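Note that my numbering gives residue 602 to position 196 of the sequence shown, counting from 1, and the numbers run on in steps of one.
Data first, discussion second: the structure below is written as structure tokens.
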Amino acid sequence: MLAAAACALPARAQYQGHSTTEQQPGATHLRATAVLEFTGDLGDIKASRLVPVAIWDGVQYQPGGLYLAQPAPLAVLSGTQYELESDGRSQGFFNVKDAEDLAGLWIGVGSFQAPAPPPPKRAAKDSGHAYFVHDADPDKPHFAHRPPPDNSPDGDTTAQSGSSTGGPTLHPRSGDNSSGNNSGGVSKSSQPEVDPDRPTFHNRVQNNQTASNQMSIDPDRPHLSYTTPESQQKLAKPDALFGFPAGMKQITGISDSNPLDTQSFAYSWASPDDAAKMQSALEAVAQQAVAPPAPASPAPKTASAHTTRHKAAAPAPPPPPLLADEKFHVFGLTLGGGATMVFSAHTTTAPEKYVTLIAQPDFYGNAQVLLKQVTTGDNLDVTPRMRLIDAVDTEGNGRGNLLFELRGQTYREFAIYRVNDGQASQVFVTQPTATN
């Protein structure tokens, strides 16, 4: 498997994929899913790398590390912005500044951007009358605009900022010195201000492009969520993460060509007892899955005529194996839907056994296992260990899927699982990449 993957690496860098705009005219929606791996905390990242997983083109999944590679793939194009999510809730942004090719594996490096604070609420002023508002917000949308009162001595209101009809006023852009020369028509200073920190979705970065991204860039090439050039210039020098250091953390990232509201996939139990009941039930299933086989009962001995027959006592069942590193996650993958549970653990004795369960409560409130995977530490390259990353909306349809890392002894993959109609099925998996 590894030899075949190594042979495929040169071809991966040349993969062009297909553009949704070519196969489906008018369909331009692209949604990329990636995993940000980092050390430190989100607000103080020491080193990081963004690993592209998949791009949903509206019809099917495309490999994120290969799609539209020219030579860097679309998912890590300089200037792309990913919204980081935990249980579907926004945790901030990651702005890709550079793309690097690590032996056929493309990663993005960049900087974390904290989410913008909510705008402060304006204190409502007491006008003293229920039907009049004296201090109206000039930026508030309105249907009919009343002209300002005539307070000038000669009644001329044109000397004030604004027209005599009370229409909206254009404000000069800060830092523009062309406002003094306005005889040649409308000046640049009359353009409305643009917030430099506002994310844009159809804006190409003109500066700070790497050499790899400057080669053969198609001007009609589609792109994902983009930051502005001003934001790119503020990014500090990125520090790429290499290897798998202790304490490495993972968080999902979404970049969409069409902005969509995030949706929480956190599930709230009606009672805390329900959560404890389900976790205990899945723990029992996991212990049974990794328990050693019961010893065979000894064959009964043939009794002679002069011996008294004694019934052989059945051997006592072995105690349930101890589980370590237990993780129990519960998601509501659909709006108003039931719980989807993921349980994982491993044994403490050699050879270690790893177990991962995906389950849902049935009609009677019992845990129904939809998927069970068991592997051993000496067989990971045949059956990798399933490590849950998070629930994420990979298709932009408001429905959560489960994103796993499949970790072998010498390689790893990322896989997307869809839970639907009482089944958990793998709908996408990346090509294997070496871990050492």
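We put the beta carbon where it would ideally sit given N, CA and C, even for glycine.
It should be emphasised that the depicted structure is a prediction, and the values quoted were computed from it without experimental measurement.
| Check | Outcome |
| --- | --- |
| Backbone secondary structure at Q779 - three-state DSSP | strand |
| Inter-residue Cα distance where the pair is N614 and L448 | In this predicted model, N614 has a pLDDT of only 38, less than 50, meaning its place in the structure is not dependable enough to derive any value. |
| G485 versus A773: straight-line alpha-carbon distance, rounded | 45 Å |
| Close beta carbons around T753, own chain, < 6 Å, minus the five adjacent residues each side | V696, P727 and K759 |
| Cα-Cα separation, F671 to R813 | 25 Å |
| Sub-8 Å separation of A871 and P724 beta-carbons | Because the chain here runs from 407 to 842, residue 871 falls outside it and cannot be looked at. |
| Simplified DSSP state of Q468, which is helix, strand or coil | strand |
| Environment of G653 [buried if 16+ CB atoms lie within 10 Å] | exposed |
| P723 in three-state terms, based on DSSP | coil |
| L666 to D784 span [Cα, whole Å] | 44 Å |
| Range covered by the beta strand (DSSP E) that runs through Q832 | Q829 to V835 |
| Terminal residues of the beta strand (DSSP E) in which Q669 lies | Unbroken run through Q669: none, as it is neither H nor E. |
| Boundaries (first-last residue) of the beta strand (DSSP E) holding A751 | T746 to T753 |
| Span separating the alpha-carbon of L891 from that of F810 | Past the edges of the chain, shown from 407 to 842, lies residue 891, and the structure says nothing about it. |
| C-alpha distance - S750 paired with G738, whole-angstrom precision | 18 Å |
| Residue range of the alpha helix (DSSP H) that includes D645 | Here D645 belongs to no alpha helix (DSSP H), and DSSP marks it neither H nor E. |
| 8 Å Cβ cutoff met for V748 and A681 | no |
| Buried versus exposed, by CB contacts within 10 Å (16 or more), E732 | exposed |
| Reference F444; option with closest CA among L647, L763, V835 and L729 | L647 |
| Environment of D799 [buried if 16+ CB atoms lie within 10 Å] | buried |
| Through-space distance from L508 to A687, alpha-carbon basis | 43 Å |
| Cβ-based neighbour list, Q497, same chain, cut-off 8 Å, excluding 5 preceding and 5 following | L448, L490, E491, P521 and I657 |
| 8 Å Cβ cutoff met for G804 and W462 | no |
| Cβ separation of A692 and V761, assumed to be a contact under 8 Å, to the nearest whole Å | 5 Å |
| Neighbour-count burial assignment, S454, 16 or more Cβ in a 10 Å radius | buried |
| Beta-carbon proximity check, V825 vs L808, cutoff 8 Å | yes |
| Reference I764, options T789, F734 and G771, closest by Cα | F734 |
| C-alpha gap between T789 and N842, whole angstroms | 18 Å |
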